[in-house]
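Below: the structure, in structure tokens.
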């Protein structure tokens, strides 16, 4: 962490509360982990969830209307498939978790600006979001938020006492 005489070199005014920044860091971290785990992006995952739910409801509705044989399953398959395709085309979610991470970082207003600039330089140099680089930035940003939220700063009598 880059320090000056009053502590870390931090931005003095923020848009939003520190708690909202902490929550945004949690969301960024979750998205970063999803880039490693999931083959589907947020858009495809949500569309699949909606298509499956609509298909199940259609099958249940067909059975409730006393349909027999394969008819309820065909109705469910067609209805669920149509819902999946329609949702995928109309929903405004990012295609990949990498796109989502990029959007989250673009909207984030950092507390520790120099660490954020370093993150930008490292991502630009490598051409990708490396997990260890982004996690190191998240840790630095969390320490900066903790420092700002810390009640012990200049007013602490204990810290002013010299031996």
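Residue numbers (our numbering): -4 to 158. No residue lacks a Cβ here, since even glycine has one placed at the ideal position from N, Cα and C.
Contact with chain B by residue i, beta-carbon distance below 8 Å
| i | result |
| --- | --- |
| residue 19 | This model lacks chain B altogether, as it is built from one protein chain only. |
Reference residue i, options the options, closest by Cα
| i | options | result |
| --- | --- | --- |
| residue 42 | 90, 23, 71, 12 | 90 |
| residue 15 | 63, 130, 136 | 136 |
| residue 38 | 132, 85, 72, 67 | 85 |
| residue 35 | 95, 21, 112 | 95 |
| residue 122 | 107, 44, 97 | 97 |
| residue 143 | 61, 21, 28, 107 | 107 |
Beta-carbon contacts of residue i that lie in its chain and below 7 Å, excluding the five residues immediately before and after
| i | result |
| --- | --- |
| residue 76 | 46 |
| residue 74 | 49, 50, 53 |
| residue 163 | Past the boundaries of the shown model lies residue 163; the chain is included only from -4 to 158, so the question cannot be answered. |
Beta-carbon proximity list for residue i, same chain, < 6 Å, skipping 5 on both sides
| i | result |
| --- | --- |
| residue 23 | 99 |
| residue 114 | 132 |
Helix, strand or coil at residue i according to DSSP, with G and I counted as helix
| i | result |
| --- | --- |
| residue 140 | helix |
| residue 65 | coil |
| residue 94 | helix |
| residue 158 | coil |
Residue i burial status per 10 Å Cβ neighbour count (16 or more: buried)
| i | result |
| --- | --- |
| residue 49 | buried |
Own chain, CB closer than 8 Å to residue i, minus 5 neighbours either side, in chain order
| i | result |
| --- | --- |
| residue 33 | 40, 92 |
Could you tell me which whole alpha helix (DSSP H) segments of length 4 or greater appear in the region 33 to 92?
37 to 59, 66 to 85
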